[in-house]
Structure formats: C-alpha cells, structure tokens
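These notes concern the structure reproduced below.
Residue numbers (this note's numbering): 523 to 650.
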C-alpha cells in the first residue's frame, strides 16, 4: 500500500490499545477551522441554488458573486479562494466564463434576435 513503516506501527499500536475507536481521526495541530460545518454547508447549498430564484439579476454564480452574496446577505465573510477550495472538495466545478447571450440565459433569445440580416448571402448548395 506504499505506506511508511512508522505510520503503520502508529496505527497498529492505536488499534491494539483502543480497538476500532483508535482508528478514528484525532484533533490535529494548527489553527482550528474558521468556518463551522453549517456555514460550509450553507455555501455549498447556495452554490447549487439558481440565483434568479433569489431574485438576483444573473443566471449563474461566479466565485466573486458567491463571496459578495455570502458577505452581504448571509454575513459569512468568506474569501473567493476559500469558497473555491470548499466547493472543489465537494466535487463541484466552475465555468471559467459565462456567456451573456443564448437560450441558456434567455429562453426567448431566438425570438428576440429576429431573422438573419438580409445582407447575409445564402449558402450555396453543391449539387452532386
């Protein structure tokens, strides 16, 4: 399994001394988590929510929009980098660019666009 011998010995000793409870994760050194699991869950849930259902003027979230909404509305001052890491850990991926036209954003786009310009030459069809 490509594990370090010392690591294996530590886990074996813990198991022998405590049984299955010895295999559970223990508190780690370092700064404690800044955000609670509830706040992290709220970020994930918000990212899966349609912004227009919240009466926002855009069709999809970006990390900047999420950060601004979390800070202003939910009072969770989380950076866009932290949001990105949190969502990546949940297996969520983000678009790098949002399109500002098309049927995904506006279902009536084709109707509003109207017919093609009369100056556009028709395509020639090859007869075989």
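Just so it is clear, CB atoms sit at the ideal spot from N, CA and C, and this is done for glycine as well.
Item: Where do the N-terminal and C-terminal ends of the alpha helix (DSSP H) with residue 648 fall, by residue?; Value: That residue, residue 648, is in no alpha helix (DSSP H); it is neither H nor E in DSSP.
Item: Return the first residue and the last residue of the alpha helix (DSSP H) that residue 596 is part of.; Value: From DSSP, residue 596 is part of no alpha helix (DSSP H); its letter is neither H nor E.
Item: In whole angstroms, give me the CA-to-CA distance for residue 603 and residue 633.; Value: 39 angstroms
Item: I'd like to check one pair, residue 585 with residue 598: are the Cβ atoms closer than 9 angstroms?; Value: no
Item: Check whether the Cβ atoms of residue 596 and residue 560 sit closer than 9 angstroms, and answer yes or no.; Value: no
Item: In angstroms, rounded to a whole number, what distance separates the CA positions of residue 589 and residue 549?; Value: 29 angstroms
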